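Enquirer:
Numbering (the UniProt record's numbering), first residue to last: 1 to 653.
1) Between the C-alpha atoms of residue 270 and residue 277, what's the straight-line distance to the nearest angstrom?
2) Do the segment 236-253 and the segment 104-120 make contact, defined as three or more Cβ pairs closer than 8 Å?
3) Are residue 24 and residue 313 touching if we call contact CB-CB under 8 Å?
4) Roughly how many angstroms lie between the CA atoms of residue 131 and residue 63, to the nearest whole one?
5) In whole angstroms, give me the CA-to-CA distance for residue 133 and residue 249.
6) Count the other CB atoms, across all protein chains shown, that sit within 10 Å of the CB of residue 177; report buried if there are 16 or more and exposed otherwise.
7) So residue 175 and residue 221 are supposed to be a Cβ contact under 8 Å. How far apart are they, rounded?
8) Straight-line CA distance for residue 477 to residue 463?
9) Could you give the residue range of the alpha helix (DSSP H) that holds residue 669?
10) Which of the three DSSP states is assigned to residue 287 in this structure?
11) For the alpha helix (DSSP H) containing residue 654, list its first residue and its last residue.
12) With 16 as the cutoff for other CB atoms within 10 Å, does residue 286 come out buried or exposed?
13) Just how far apart, CA to CA, sit residue 233 and residue 210?
14) Exposed or buried, what is residue 231 when buried is set at 16 or more other beta-carbons lying within 10 Å of its beta-carbon?
15) Does the separation of the CB atoms of residue 53 and residue 85 fall below 8 Å?
16) For residue 579, which residues from the same chain have a beta carbon less than 7 Å from its beta carbon, with the 5 sequence-adjacent residues on both sides left out?
17) Ordered along the chain, which non-local residues of its own chain (more than five positions away) have a Cβ less than 8 Å from that of residue 81?
18) If we count the other Cβ atoms within 10 Å of its Cβ and call it buried at 16 or more, is residue 236 buried or exposed?
19) Measure the alpha-carbon distance for residue 160 versus residue 149 and round it to whole angstroms.
20) Using 8 Å for Cβ pairs, my map puts residue 143 next to residue 247. What's the rounded Cβ distance?
21) Verify whether the separation of the beta carbon atoms of residue 261 and residue 153 is less than 8 Å.
22) Can residue 295 and residue 28 be called in contact, C-beta distance under 8 Å?
23) From residue 449 to residue 456, what distance separates their C-alpha atoms?
24) Skipping 5 residues on each side, what residues in its chain have a beta carbon closer than 8 Å to that of residue 216?
25) Just verifying my parser: in three-state terms, what is the DSSP assignment at residue 165?
26) Can you tell me which of the three DSSP states residue 654 falls into?
27) What is the DSSP secondary structure of residue 273, counted as helix, strand or coil?
28) Exposed or buried, residue 264, counting other C-beta atoms within 10 Å across all chains shown (16 or more means buried)?
29) Consult DSSP for residue 230 and reduce its assignment to one of helix, strand or coil.
30) Flag this pair as yes or no: are the beta carbons of residue 119 and residue 78 separated by less than 8 Å?
31) Only counting the same chain, and skipping five residues up and downstream in sequence, which positions put a Cβ closer than 7 Å to that of residue 207?
Here it is as structure tokens:
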């Protein structure tokens, strides 16, 4: 068996192992599917049993609703539910094959038939009972009307006797008859109450009380009929007796149907309970069968899974042994090459034509090629070691020459840097002088502008002084006009004084009658005197104003002359500042030319310094490169030695 497996390729082995495992899994799946289908069928049967129980319970609910309400809708619901149960039983019967379950279904069908017959009889009895009850209630109402009529008649007769002043014994007899009428009405009310109690509580005692009340009422009515003497009272009592008899007959007929209905209701309840018990037994049986099928399916799947696991583990172990044993030989050989003495002359045995045999052959070819390659590398390493030593000597000589060149370049670079610094200092000084000249030029321009503004301001002041002199002259002229007005005021004051004097004279002539006028004339004369004195003061002030105006005109004229001279001097100062600004411009041009030449010299010096620095950097780079080459050469020599050591680890002969 092992030889046969070793002759197969690994792919074939894997396909064989997985195919075997797949077949086992498929068999287990088929067995599990059959078991699960059995469980599903049993679940369907259990669901059918549950539906039957649910419909039977719905039938019981519809039955109770009909018994309580007695309506046509509840009756139709019961009939419809019976049809549903029968349909479910017919459908379920085709799914069961077990004899016990079929017997249970047959019993359910028989119970449904019994229940249907009992419900039909109950419906008929209920209808008859309702008809008799309606008739009984109508007769009771008619009897109540007759009793009320009899009581009204007795009341009327008592009132007539009292009105006619009849003998007390006659009145007493009528009162007794009226009391008997009230007793009959009470019997009727008690009987109706017992009747309601019987209907509400299904109470046999209440039925007996109804019969007893009917008997007592009939006896009382017969006694009233025998004892009454009035013909009209006898007729009414006879109607009451006949009404009681009809009511009693109707009650007995109703009670017969009512009792029959109660008996049928009990039969219907027993039949329904039998239905529920049979359906419960069917459901319990299906539940037990479901538990048994579920347990069997679980055990079957568990055993199948365990067997599949054991067989798969056995197949996996066999495949692993067939594949890993040759791989261990290859692994040991490669580990010996990697960690052992490096024997490249070792060869693996090649057995069969599978992948492991191909792997062993490939290892043998790899070992042969490695042996040839290492043999060639060992020879080349010797040559590389000699060349590395020669290259190291040459690198040391080049490094010394580059070092001398770098020292000379450093001296040249230092001289160029000093020259560049001197040129930069000259350019910086020229730039500073340019800045100072530019500031002087700006200050000269600002002075020129200030002088020009001063000339303009002085000119404006001269114009304003001239205008002020003209205004002062006009003020003097207007003051003279005021003097003319004062002359007029003095003239008016004189005339007023004369008029006041005349008035005083006339008042003196008038005597007592002119005394008030004399006082007014005296006041007018005083006011005229004040006016003349005020006019004199104003004239003095105007004369002073005219004198001050003349002095102001003279001062302003002198100021105007001074401003003219100041204007001339300011113009001369502006011309001098303009000449200074032109000289500064010439000096700036010369400084600019010097700065340009210094800048060119600085740029040339920087270029030379940059080139010298580049030469120095290149020399440094060359020196570094030579050092790196020397270091690399030494590393190369070291690696050549390591290669010699490494190739020496392998045995190639």
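Each residue gets a CB set at the ideal place from its N, CA and C atoms; glycine is no exception.
Since the model is a prediction, treat every value here as computed from it, not as a measurement.
Expert: The short version:
1) In a straight line, the C-alpha of residue 270 is about 10 Å away from that of residue 277.
2) no
3) no
4) 21 Å
5) 11 Å
6) buried
7) Wrong, their Cβ atoms sit about 18 Å apart, outside the cutoff.
8) Answer to the nearest angstrom: the Cα atoms are 21 Å apart.
9) Residue 669 lies beyond the range of the chain shown here (1 to 653); nothing can be said about it.
10) helix
11) The shown model of the chain, from 1 to 653, leaves out residue 654, and the question about it has no answer.
12) Buried is the call here.
13) Approximately 27 Å between the Cα atoms of the pair.
14) Taking every protein chain shown into account, the CB of residue 231 has fewer than 16 other CB atoms within 10 angstroms, so this residue is exposed.
15) no
16) none
17) 55, 58, 59 and 62
18) buried
19) 16 Å
20) 5 Å
21) Note that the C-beta distance between residue 261 and residue 153 is not below 8 Å.
22) At least 8 Å separates the beta-carbon of residue 295 from that of residue 28.
23) 11 Å
24) 187
25) Collapsing the DSSP output to three states places residue 165 in coil.
26) In the structure as shown, the chain begins at 1 and stops at 653. Residue 654 is therefore absent and cannot be evaluated.
27) Looking at residue 273 - three-state DSSP - the assignment turns out to be helix.
28) buried
29) coil
30) Cβ atoms of residue 119 and residue 78: closer than 8 Å.
31) 198 and 255
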